[in-house]
Amino acid sequence: MFQKLLIANRGEIARRIGVVARGMGLKTVAVYSDADAELPFVKEADEAVRIGPAPAKDSYLNTAAILEAAKQTGAQAIHPGYGFLSENGEFAQACADAGLIFVGPPPEAMARMKDKSQARKLVSAAGVPVVPGSEGVVPDVASALAEAERIGYPVLVKAASGGGGIGMAVARNAAEMEKVYRQCTDRAKAAFGKEGVYVERYFPAPRHIEVQILGDQHGHLIHCLERECSIQRRHQKVVEEAPSVLFADGRNPELAQKLFTAAVAAAKAFGYANAGTVEFLYSDGEVYFIEMNARLQVEHPVTELTTGLDLIGWQLRIAAGERLTVKQEDVKRRGAALEFRIYAEDPVKFFPSPGPLKVFQPPTGEGVRLDAGYGEGNTVTPNYDPMIAKLIVTGETRAQAIERSVTALQSFRIEGIKTNIPLHLRIVQDAAFQAGELDTNFLEHHAKPA
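Written out as structure tokens, the structure reads:
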């Protein structure tokens with residue numbers, strides 16, 4: 001095992017990785033921008049190195065500065081967290097070239113996953129069910145129109161190099177396709193430097209189900225059951241839970257086995273190692289592969305708390321070359337967990353709400369865990385994602401987890417900025433949510449402000 005870890009991220013995930021690493025006896029190095037100098041993840045690290053001004057391109061995306069910080073401090077490994085450089089194969093290769101351990105999958109696996117249209121081909125060849133769509137990138141509007149006619153409207157146009165809902169839009173007819181194609185190619189080029197898009201069937205009200213994967217460098221790969229992430233706004237997850245209501249209490253065992261088998265087959269097709277997530281859509285009794293994320297997910301705590309697995313700890317051990325000692329039959333579920341992304345934003349208009357946290361008093365109590373990137377007195381700046389914390393609540397049953405969540409959200413005191421806590425309360429108190437009647441368009445029809 002290496003002895004010193006540099007954490008190439010910020011906020012709550014940098015703080016969480018630091019806690020786990022120090023608990024394993026490792027020394028930690030934080031890197032930070034000028035905007036984050038006073039945040040807890042910087043203060044709690046054994047060492048901290050400034051890597052640039054506030055803009056992410058000058059700091060958390062500055063590969064040279066991060067590698068130099070590792071060299072200066074003698075760090076032997078780099079954990080990228082999620083976002084920023086976490087799925088950047090070039091960064092993973094640069095770490096290897098510098099003699100550093102990258103805590104994530106091999107660069108070759110990341111390269112196979114990078115182009116989502118090519119990833120579809122790869123997993124389809126491995127027998128994994130994929131959403132019906134184009135064989136690859138559609139080079140022009142005429143090709144996109146032809147594919148849409150073949151698939152049948154409505155269709156989803158998606159950036160091949162995309163993520164986070166960027167460069168993605170629905171076309172319901174040929175006239176919309178011409179507009180959407182240009183819109184998505186322009187956004188893909190601006191966000192990812194490549195304008196390639198592909199076309200696939202659009203499901204109007206699917207559920208979003210994902211499977212956690214763990215694999216070592218010695219060929220041992222397992223799934224760690226599923227999570228449901230259907231509560232979304234503009235393709236961004238808002239509330240996540242484990243287990244999915246679809247599979248809780250032994251429901252739909254054949255479909256569950258199909259899902260887990262497909263997830264493992266997809267990961268093997270990519271040559272995957274370390275922690276990753278295979279994402280699926282569920283509609284009309286079937287599951288369809290969407291993509292695989294080559295990193296730790298924001299919502300990983302709901303899996304940790306319902307399986308007892310320390311995913312970050314295993315990431316570090318696997319990166320160090322250790323064997324994964326957990327066997328598939330060892331992965332058991334206990335209870336239920338919900339995760340709420342606490343954002344600095346207006347809960348009705350969804351505008352960002354940066355500013356000082358004059359009061360930050362998180363809830364406590366049985367079944368409550370908080371992964372926070374900020375503390376009282378810190379300032380939330382507009383430079384990064386507006387998430388300030390993740391509230392994770394567990395219970396012996398989903399109903400108990402929901403009941404505890406209501407209490408926790410109601411007692412969460414934050415003053416100085418607006419947050420989306422009222423939105424979360426509307427969600428968990430909604431009858432459809434409590435009944436498990438979920439889909440990715442839930443917020444368009446439910447949990448409206450009074």
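So for the sequence shown, UniProt numbering puts the first residue at 1; every next one is plus one. Think of the CB as a built atom: it goes at the ideal place given N, C-alpha and C, for glycine as much as any other residue. Quick caveat: nothing in here was measured; it's all calculated off a predicted structure.
#### Entry: Those residues which DSSP pairs with residue 101 across a bridge
Assignment of beta-bridge partners to residue 101 by DSSP yields 77.
### Query
What do you reckon, are the CB atoms on residue 136 and residue 121 nearer than 8 angstroms?
Yes. Within cutoff.
### Query
Three or more beta-carbon pairs under 8 angstroms between the stretch 283-291 and the stretch 225-238, yes or no?
no
### Query
Where DSSP assigns a beta bridge to residue 32, which residues make up the other side?
Answer is 50.
#### Entry: Residue range of the alpha helix (DSSP H) that includes residue 417
No alpha helix (DSSP H) holds residue 417; DSSP gives it neither H nor E.
### Task
Along the beta strand (DSSP E) that carries residue 357, what are the first and last residues, could you check?
First-last for residue 357: undefined, no H or E at that position.
### Message
Cutting at 8 angstroms between CB atoms, please list the residues of its own chain near residue 296, excluding the five before and the five after it.
### Response
13, 81, 82, 86, 275, 311, 312 and 315
### Query
For residue 189, does the three-state DSSP call read helix, strand or coil?
In the structure shown, residue 189 sits in a helix (DSSP, three-state: H, G or I).
### Task
Enumerate, from N- to C-terminal direction, the unbroken alpha helix (DSSP H) stretches of 4 or more residues contained entirely within the stretch 131-192.
141-151 and 174-192
### Segment contact, 8 angstroms Cβ cut-off, at least three pairs: the stretch 185-201 with the stretch 151-166
yes
### Task
Round the Cβ separation of residue 374 and residue 391 to the nearest angstrom and send it over; I've been treating them as touching at under 8 angstroms.
Not really, about 13 angstroms apart at Cβ, beyond 8 angstroms.
### Task
Mind checking which residues open and close the alpha helix (DSSP H) that includes residue 304?
Where residue 304 is concerned, the enclosing alpha helix (DSSP H) stretches over 300-307.
### Message
Only counting the same chain, and skipping five residues up and downstream in sequence, which positions put a Cβ closer than 8 angstroms to that of residue 309?
### Response
Around residue 309, the same chain offers 214, 224, 303, 326 and 331 as residues with beta carbons nearer than 8 angstroms, after the five sequence neighbours per side are excluded.
### Query
Are the stretch 258-277 and the stretch 187-195 touching by the rule of at least three beta carbon pairs closer than 8 angstroms?
Segments in contact, no.
### Chain-order list of residues whose beta-carbon lies under 8 angstroms from that of residue 207 (same chain, five-residue window excluded)
228, 230, 244, 246, 281, 282, 283, 438, 439 and 440
#### Entry: Under 8 angstroms between C-beta atoms of residue 30 and residue 18
yes
#### Entry: Identified DSSP bridge partners for residue 283
286
### Message
Tell me the rounded alpha-carbon separation between residue 422 and residue 146.
### Response
Across the structure, residue 422 and residue 146 are spaced so that their CA atoms are roughly 45 angstroms apart.
### Task
Return helix, strand or coil for residue 313, following the three-state DSSP convention.
Correct three-state label for residue 313: helix.
### Query
With respect to the alpha helix (DSSP H) encompassing residue 445, which residues constitute its N-terminal and C-terminal limits?
442-445
### Query
residue 338 and residue 211: beta carbons closer than 8 angstroms?
no
### Message
Which residues does DSSP list as the beta-bridge partners of residue 387?
### Response
According to DSSP, residue 387 bridges with 343.
### Task
Say whether the stretch 43-50 touches the stretch 114-131, bearing in mind that this needs 3 or more beta-carbon pairs closer than 8 angstroms, one atom from each stretch.
Cβ pair count under 8 angstroms is below three, so no.
### Query
Apart from the five residues just before and just after residue 418, which ones in its own chain have a Cβ nearer than 6 angstroms to its Cβ?
346 and 353
### Query
Can you tell which of 175, 348, 426 and 329 has its C-alpha closest to the C-alpha of residue 141?
175
### Query
For residue 193, does the count of other Cβ atoms within 10 angstroms reach 16, so buried, or fall short, so exposed?
exposed
#### Entry: Ordered list of beta strand (DSSP E) runs contained in the stretch 201-253, each at least 3 residues
Entirely contained in the stretch 201-253, the beta strand (DSSP E) runs reaching 3 residues are, in chain order, 207-215, 221-233 and 236-242.
### Query
Do you know how far the Cα of residue 196 is from the Cα of residue 359?
46 angstroms
### Task
Would you kindly report the start and end of the unbroken beta strand (DSSP E) that includes residue 369?
368-372
### Query
Less than 8 angstroms separating the beta-carbons of residue 369 and residue 305?
yes
### Query
When the Cα of residue 269 is compared with those of 248, 291, 254 and 252, which residue comes out closest?
291
### Task
Report all residues from its chain with a CB closer than 7 angstroms to the CB of residue 413; omit the five preceding and five following residues, and keep chain order.
359 and 361
#### Entry: Where the beta strand (DSSP E) through residue 43 begins and ends
In the DSSP assignment, residue 43 falls outside any beta strand (DSSP E) and within the unbroken alpha helix (DSSP H) covering 40-44.
### Task
Go ahead and pull the three-state DSSP assignment for residue 20.
Reduced to three states, the DSSP call for residue 20 is helix.
#### Entry: Top-ranked residue by Cα proximity to residue 382, from 43, 51, 55 and 105
55
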